[in-house]
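Here is the structure we will look at, set down as structure tokens.
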Amino acid sequence: MRFAPSSEPRTLAPLGRRTAQVTANRDLGAYRLVSAHDASGPRDPRPGQFYMLAAEDRWGGEDGRPFVPRAFSFARVREDGTLDFLLEAVGPGTRRLAELEPGEGLWLSGPLGIGFSAAPEGARPLLVGGGIGTAPLVCVQDELGEEAEVLIGFRSSAHAAAAALFAGAPLIATDDGSVGRRGLVTELLRGAMDRTERAAVFACGPAPMLEAVRALCAERDVPAQLALESGMACGYGACFGCVVPTRGGYVRLCVDGPVLDAADLESALVPGAGH
Amino acid sequence: MRFAPSSEPRTLAPLGRRTAQVTANRDLGAYRLVSAHDASGPRDPRPGQFYMLAAEDRWGGEDGRPFVPRAFSFARVREDGTLDFLLEAVGPGTRRLAELEPGEGLWLSGPLGIGFSAAPEGARPLLVGGGIGTAPLVCVQDELGEEAEVLIGFRSSAHAAAAALFAGAPLIATDDGSVGRRGLVTELLRGAMDRTERAAVFACGPAPMLEAVRALCAERDVPAQLALESGMACGYGACFGCVVPTRGGYVRLCVDGPVLDAADLESALVPGAGH
Amino acid sequence: MDLCGVQLRGPVLNGSGTYDAIAARRTFGDALLEPESFPFDAFVSKTITLEPRQGNPPPRLWESPEGLINSIGLPNKGLEGFLRADLPLLAELPVPLIVSVMGFSRDELAHLAAAVGEAAAVERVRAATEKPVIVKLTPTAADPAAVAAAAERSGADAVSLVNTLKGMALDPRTRRPWLGGRTGGLSGPAIRPVALEQVATVAARVRVPVIGMGGIASGRDAREFLDAGAACVAVGTESFRDPSAGLRIAREFGVISRQERGFSLAETVR
Amino acid sequence: MDLCGVQLRGPVLNGSGTYDAIAARRTFGDALLEPESFPFDAFVSKTITLEPRQGNPPPRLWESPEGLINSIGLPNKGLEGFLRADLPLLAELPVPLIVSVMGFSRDELAHLAAAVGEAAAVERVRAATEKPVIVKLTPTAADPAAVAAAAERSGADAVSLVNTLKGMALDPRTRRPWLGGRTGGLSGPAIRPVALEQVATVAARVRVPVIGMGGIASGRDAREFLDAGAACVAVGTESFRDPSAGLRIAREFGVISRQERGFSLAETVR
Ligand SMILES: Cc1cc2nc3c(=O)[nH]c(=O)nc-3n(C[C@H](O)[C@H](O)[C@H](O)COP(=O)(O)OP(=O)(O)OC[C@H]3O[C@@H](n4cnc5c(N)ncnc54)[C@H](O)[C@@H]3O)c2cc1C
Ligand SMILES: Cc1cc2nc3c(=O)[nH]c(=O)nc-3n(C[C@H](O)[C@H](O)[C@H](O)COP(=O)(O)OP(=O)(O)OC[C@H]3O[C@@H](n4cnc5c(N)ncnc54)[C@H](O)[C@@H]3O)c2cc1C
Ligand SMILES: Cc1cc2nc3c(=O)[nH]c(=O)nc-3n(C[C@H](O)[C@H](O)[C@H](O)COP(=O)(O)O)c2cc1C
Ligand SMILES: Cc1cc2nc3c(=O)[nH]c(=O)nc-3n(C[C@H](O)[C@H](O)[C@H](O)COP(=O)(O)O)c2cc1C
Ligand code: FES
Ligand code: FES
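Chains as they are written, first to last, in the numbering used here: chain A, 1447 to 1721; chain B, 1447 to 1721; chain C, 20 to 289; chain D, 20 to 289.
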């Protein structure tokens, strides 16, 4: 089954790169939650859209990396234009961003790409997230409210700290069972689907998880939107670097995604993405 | 006239690059005085020798520069192995070093090159410095004591603040006359030579100043040692990049200098050195 | 200023294949079409081939010290798709358009720079169009100036260089080539000294205007390429880091030019 | 390990012309001669020519993004001066010695990589010595693998690459070429992806060992060149930043190798 959005869920970005001021940077278990005040950006980015970020100072250290900016879904936008990003420090770019101090400048451009579309009338939204991929689901929940059921999986209890970003009591799975249920988030999804007559899935997480979600939804003919990841240099369609294979050929994830309709994918296992 | 040193005035450097800890970094008018504790280095570098310095962190910023380390004469060494460097921030390397904070790591190798030789018996040492070139004369004065007469020139009173590093009352010239005499340090030298029966000159400063000193000393047959500058990548003879022309052909300033006998030079105007 | 008879408001172009004005409009909206917002003084399309191409399999990007390696593989809609779908949209841009084409058979121009004999390829293009023809050189030719001179003799109205340098990266996990295309092209500041040398050498050899590019990231860099003999510059990879890099570079360049006029005046006065 | 029949304790050499062991001994003293302090597993001399050469006029160096441009111009004492003054000192080093020579006329080998015909030059060297012959390739050849294959056919015992890429820098004040030699050679991390590609391509083509270099600055970089097919690596520019870079890189490389053995063991156990 397909999502059939009425119009492209995309808020336009101001042209060019601007500087936001970092207002906070705090620990969230294994992650960092970085907040920055994007004074001149739009207040209404669509959940699932992303920003390209770079530190204004010290972007490019030993060995001349990071060089290009990095892509991040926003987790939340506040009324004054403050954006929250949930980061996992996995390489030179995320490490630099993870150590930003309040007051420092954050170069950003965005919101970029196409976000999540509304669920079909009468379908119950299931938000399925894995690890750092829970970030864009926070604002999806903000928008959908109690109607949405949140199912999230993490490697460990340190990672599961990100669950605190969600309202209510999300269902949690961890690899080691230290928080919530032991196992994979797809098992939670299977259970939720069993309980739900008409579901619509919103998913983001590591590629193997998304692939499992895609297969499960295809099997049960449940519509699903998947927020994918791929290596990006520009974020606005300039470099043709971020393509992922779809049934219709390669699409640039930064302008035709990152949220794709699962029905368009043969597989969510994107070459070269993730860590 | 020539200096005829009995042996090469060179203290050997420990092999490789080591980390010294920055202990202080203070303003000195237009300059910075950076102190670092070189725990495992020799306590007896020869005045005129230099060190290659790089910040342990953040060496290489926007645009991938600074890349190679930078050369600095030491101004002073203390008994515990603390080295003082006088810096002028003129480019990316010196700017980074100028903002080092106490506790940060400073990569260094040295002491490098050949320092100043003793003055011939019975000759009065005249220490002639211009601008940042006064730095290596500080430790020459430390060694020679009152016997040496210090003549130093600066662009402005902000630069003349470096005079505070010298003991006693050095003679000062500034371009604008705001401190000491208005004019060039070579005029002070001319006066001192007139007053001194047998002089021996130790000079360091910008190339045009050194050339004026060289010409003056040649004219009066006064022996002179000049500490030159040239662009360096390695500091220990590996790259052959730092050559300066002498009467005997090109010599590598980092292993055969930086202190050269004026008698060996046709001119002290080295191509590509200085700002 | 004038490039092959076309009036440009300034000397800053985009590198072919490094800016998709249509995708940028989807992202940034019609603000992009304002003359004062559009980042370049002329727009160069992504390279078009006769037949549509999917491009290379992903992954297509790798970051290197002050550089980027790409194996994009010239994905494009083909000539027909371009004329039908893209050209009408590109015609709305507020600056002149330069369409980048790769021969009428792919191999033909891919080998252009490899040998002087290829001049024939340019002659054929020359005969087929009344528009100015700009030939882009590959930087891997052993003697770029000879290739440029051959292109000039065959009637090129301008030459453009450098393209990316051939490079490679390994996947740290598998230790095999990371890029789907095995090798890729290196661009960005890392290659700037190489680009500057080739631009200077080619500009000294040919009479036609040279469009210089390779790692330009600031007005000062642009200035250097013009000092080396380029008539115009193009900005590629830096647009990935900053979507309006072209505008910033033009602005910085303007400041430098004014300062220099100021300095030389001051020097004259002294 | 074995390189052309010579036993080496490890795979890390110096790049020719980037380490002067005699000058280093003047600077660091006899500590340099201790086997555990000497930074390389074999020592490659600066390139020697038949006649002495002064080298290029200064300035000879310019820094670029993650790179260095040099126009040194092969200064050396000439064959006779080398044999008399340097060789006895180099014989005291605790590792095997590789002497780098540039033909017996300068032009002869300068053009080595330009064409396959040059193979003759290697044949002549081959006949003149019983020692292994290593041929260093220029990276500006349009097809380095063809040149390497030609060198192999002519009897080279190993090939070594890359040399520096041609580059240029302008003096910001005069806006004319900064380097005394007008152009120079670009080295350092900036060129690493280009070097890695050429090493991989050449290693896939020839049977003789390949000595890989170009921007190696860490054990991980060294590992990549070996993964790409090099038998040994050489460290050039990084030694300028750290006089014992060779030792550090060998140490880091050792740690990586041990970790990888550990990982594969763990994977087997699982
Ligand atoms: C649409 C989108 C949204 C995202 N949202 C989030 C989010 O909300 N939070 C979050 O934490 N992450 C998010 N990510 C992932 C994030 O962008 C990556 O984790 C980040 O780019 C990693 O950068 P790095 O420099 O830390 O790591 P690296 O992996 O070192 O660098 C990133 C890229 O560089 C390449 N690379 C990897 N290793 C090397 C190497 N040794 N040399 C050269 N290149 C290398 C790879 O292509 C890699 O993808 C998102 C990604 C996308 C596409
Ligand atoms: C033996 C010796 C002793 C010295 N002692 C002192 C001292 O005590 N105190 C002190 O302040 N200074 C000293 N200097 C000078 C000091 O080394 C230089 O000021 C310093 O190297 C400048 O580095 P930078 O990065 O700040 O400036 P830059 O000039 O930018 O960099 C240094 C070198 O890079 C090259 N260069 C310049 N501009 C560029 C560019 N745009 N792109 C690429 N390359 C460029 C030039 O070759 C220049 O020499 C000494 C120098 C020598 C040789
Ligand atoms: C991602 C990417 C795609 C490119 N695609 C093309 C192309 O389609 N046609 C072309 O002539 N050059 C192409 N180039 C080369 C650029 O136009 C330019 O010559 C090169 O990148 C050097 O400039 P830079 O360092 O400013 O990027 C591409 C470069 C990049 C980085
Ligand atoms: C300053 C300098 C001098 C060099 N001199 C020589 C030389 O005499 N002979 C030679 O074969 N290569 C010479 N090279 C090239 C290096 O051996 C090496 O091939 C190149 O620098 C790439 O390696 P790197 O990036 O690690 O420096 C020189 C390189 C530099 C930077
Ligand atoms: S990241 Fe450049 S096209 Fe998508
Ligand atoms: S700085 Fe390298 S030889 Fe002198």
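All residues carry an ideal CB built from backbone N, CA and C; glycine is no exception.
Note down, in chain order, every chain D residue with its Cβ under 7 Å from the Cβ of Ser83/C. By 1-based counting over the third sequence, the position of residue 83/C is 64. Within chain D, the residues near Ser83/C are Arg211, Pro212.
With a cut-off of 9 Å, does the C-beta of Gly199/C fall near any C-beta of chain A? As a working note, residue 199/C is residue 180 in the third sequence. Closer than 9 Å to some Cβ of chain A, the Cβ of Gly199/C qualifies, so yes.
Should the stretch 236-243 of chain D be regarded as contacting the stretch 156-163 of chain D, the criterion being three or more beta carbon pairs within less than 8 Å? no
What does DSSP give as the partner residue(s) for Lys155/D in the beta ladder? By one-based count along the fourth sequence, residue 155/D stands at place 136. Lys155/D pairs with Ser179/D.
Among residues of its own chain, excluding the 5 on either side of Ile275/D, which ones have a beta-carbon nearer than 7 Å to its beta-carbon? Position 256 of the fourth sequence, counted from the first residue, corresponds to residue 275/D. Around Ile275/D: Gly238, Arg239, Arg242.
Minimum C-alpha distance to Ala1565/B - residue among Ala1708/B, Ala1670/B, Gly1462/B, Val1689/B: One-based indexing of the second sequence puts residue 1565/B at position 119. Minimum Cα distance to Ala1565/B is reached at Ala1670/B.
Any non-hydrogen atom of ligand 4 closer than 8 Å to Thr37/D Cβ: Counted from its first residue, the fourth sequence places residue 37/D at position 18. Checking the Cβ of Thr37/D against ligand 4 gives yes.
Gly1510/B: contacting residues in chain C (beta-carbon distance under 8 Å): Here residue 1510/B corresponds to residue number 64 of the second sequence, with the count starting at 1. Chain C residues near Gly1510/B: Pro84, Glu85, Pro208, Ala209.
Hey, out of Thr202/C, Arg192/C, Trp197/C, Phe59/C, whose CA is closest to Ile117/C's CA? As a position in the third sequence, residue 117/C is number 98, starting the count at 1. That would be Phe59/C, whose Cα lies nearest to the Cα of Ile117/C.
Any beta carbon of chain A sitting closer than 9 Å to that of Ile268/C? Taking the first residue of the third sequence as position 1, residue 268/C is located at position 249. It does not; no Cβ of chain A falls within 9 Å.
What number of angstroms, rounded off, separates the C-alpha of Gly1695/B from the C-alpha of Gln73/D? Numbered from 1 along the second sequence, position 249 holds the residue referred to as residue 1695/B. Numbered from 1 along the fourth sequence, position 54 holds the residue referred to as residue 73/D. Going by the C-alpha atoms only, they are around 7 Å apart.
Please decide whether Glu137/C counts as near chain D, where near means a Cβ-Cβ distance under 9 Å. For the purposes of this step, residue 137/C is identified with residue 118 of the third sequence, where counting begins at 1. Low confidence applies to Glu137/C: its pLDDT is 35, below 50, so where it sits in the model is not reliable, and the reading given next is rough at best. Output row for Glu137/C: interface = no.
Considering only the beta carbon of each residue, do Arg1464/A and Leu1543/A sit closer than 9 Å? As a working mapping, residue 1464/A is identified with position 18 in the first sequence. As a working mapping, residue 1543/A is identified with position 97 in the first sequence. No, the Cβ-Cβ distance between Arg1464/A and Leu1543/A is not below 9 Å.
Rounded to a whole number of angstroms, what is the C-alpha to C-alpha distance between Trp1505/B and Arg1516/B? Locating residue 1505/B in the second sequence gives position 59, where the first residue counts as 1. Locating residue 1516/B in the second sequence gives position 70, where the first residue counts as 1. Whole-angstrom Cα-Cα distance: 11 Å.
Beta-carbon proximity of Ile1578/A to Glu1454/A, cut-off 9 Å: If you number the first sequence from 1, residue 1578/A lands on position 132. If you number the first sequence from 1, residue 1454/A lands on position 8. It is not a contact, given that the beta carbons lie outside the stated cut-off.
Looking only at C-alpha atoms, which of Ala170/D, Gly92/D, Ala42/D, Gly100/D sits nearest to Lys185/D? By 1-based counting over the fourth sequence, the position of residue 185/D is 166. Out of Ala170/D, Gly92/D, Ala42/D, Gly100/D, Gly92/D has the C-alpha closest to the C-alpha of Lys185/D.
Given a cut-off of 9 Å on the beta-carbon distance, is the pair Val227/D and Cys23/D in contact? The residue given as residue 227/D occupies position 208 in the fourth sequence. The residue given as residue 23/D occupies position 4 in the fourth sequence. Result yes, Cβ atoms of Val227/D and Cys23/D sit closer than 9 Å.
Quick check on Ala239/D - is its C-beta less than 9 Å from some C-beta in chain C? What you label residue 239/D is simply residue 220 of the fourth sequence in a count that begins at 1. Note on residue identity: the sequence assigns Arg, not Ala, to residue 239/D. Yes, because at least one Cβ of chain C sits closer than 9 Å to the Cβ of Arg239/D.
Closest Cα partner of Leu1552/B within the set Leu1706/B, Ser1563/B, Pro1652/B, Asp1530/B: For the purposes of this step, residue 1552/B is identified with residue 106 of the second sequence, where counting begins at 1. Here the closest residue by C-alpha is Asp1530/B.
From this set, Arg1627/B, Tyr1497/B, Gly1475/B, which residue's C-alpha is nearest Val46/D's C-alpha? Locating residue 46/D in the fourth sequence gives position 27, counting from the first residue. The residue you asked about is not Val; residue 46/D is Thr in the sequence shown. The candidate whose alpha carbon is nearest that of Thr46/D is Tyr1497/B.
Using a Cβ-Cβ distance under 9 Å, would Gly97/D count as near chain C? Position 78 of the fourth sequence holds residue 97/D. For Gly97/D, the answer is no, since every Cβ of chain C falls outside 9 Å of its Cβ.
Looking at the structure shown, is Ser1603/A part of a helix, part of a strand, or coil, going by DSSP? For the purposes of this step, residue 1603/A is taken as the residue at position 157 of the first sequence. Ser1603/A: helix per DSSP, three-state reduction.
Assuming Ala1708/A and Cys1663/A make a contact with CB atoms under 8 Å, what is their CB distance in whole Å? As a position in the first sequence, residue 1708/A is number 262, starting the count at 1. As a position in the first sequence, residue 1663/A is number 217, starting the count at 1. Right, the Cβ-Cβ distance comes to about 6 Å (below 8 Å), so this counts as a contact.
Does the Cβ-Cβ distance between Lys19/C and Phe1686/A come in under 9 Å? One cannot answer for residue 19/C here, as it falls past the ends of chain C, which runs 20 to 289.
Nearer than 8 Å: is that true of the beta carbon of Lys96/C relative to any heavy atom of ligand 3? In the third sequence, the residue the question calls residue 96/C occupies position 77. Checking every heavy atom of ligand 3 against the Cβ of Lys96/C, none is found closer than 8 Å.
So, at 6 Å on beta carbons, what are the nonlocal neighbours of Ala134/D in its own chain, with the 5 sequence-adjacent residues on each side left out? Indexing the fourth sequence from 1 puts residue 134/D at position 115. For Ala134/D, the predicted structure reports a pLDDT of 31, less than 50, and the residue's modelled location is therefore unreliable. A value from the coordinates is still provided. Correct list: empty, nothing qualifies.
At least one CB of chain A closer than 9 Å to the CB of Pro107/C: is that the case? As a position in the third sequence, residue 107/C is number 88, starting the count at 1. Not one chain A Cβ lies under 9 Å of Pro107/C.
Check each candidate in Val1574/A, Thr1469/A, Asp1622/A and name the one with the smallest Cα separation from Glu1545/A. On the first sequence, residue 1545/A is found 99 positions in, with the first residue counted as 1. With distances taken between Cα atoms, Glu1545/A lies closest to Thr1469/A.
Which term fits Arg70/D, buried or exposed, when burial requires 16 or more other beta carbons within 10 angstroms of its beta carbon? For this step, residue 70/D is matched to residue 51 along the fourth sequence. Looking at the sequence provided, one finds Glu at residue 70/D rather than Arg. Exposed, by the Cβ-count rule.
Tell me which residue opens and which closes the beta strand (DSSP E) that Thr1465/A is part of. Here residue 1465/A is taken as the residue at index 19 of the first sequence, counted from 1. Thr1465/A -> beta strand (DSSP E) spans 1464-1474.
Taking 8 Å as the cut-off, does the CB of Cys1685/B come closer than this to any heavy atom belonging to ligand 4? Residue mapping note: residue 1685/B aligns to position 239 of the second sequence, counting from 1. Correct: Cys1685/B has its Cβ closer than 8 Å to ligand 4.
Report whether the distance from the Cβ of Arg72/C to the nearest heavy atom of ligand 5 is below 8 Å. Numbered from 1 along the third sequence, position 53 holds the residue referred to as residue 72/C. No, ligand 5 has no heavy atom inside 8 Å of this Cβ.
Against chain B, with Cβ distances strictly below 9 Å, would Thr46/D count as a contact? On the fourth sequence, position 27 is the one that residue 46/D refers to. Yes - at least one Cβ of chain B is within 9 Å of the one on Thr46/D.
I think Thr37/D touches Gly231/D, with their Cβ atoms under 8 Å apart; what is that distance to the nearest whole Å? Reading the fourth sequence from its first residue, position 18 is the one you call residue 37/D. Reading the fourth sequence from its first residue, position 212 is the one you call residue 231/D. About 15 Å separates the two Cβ atoms, so there is no contact after all.
Proximity test, Cβ basis, 9 Å: Leu131/D and chain C: Here residue 131/D refers to the residue found at position 112 when the fourth sequence is read from its first residue. The predicted model places Leu131/D with a pLDDT of 33, which falls under 50 and marks its position as unreliable, so this point remains unresolved.
Identify the continuous beta strand (DSSP E) that holds Thr1528/B and give its terminal residues. On the second sequence, position 82 is the one that residue 1528/B refers to. Start and end: 1528-1533.
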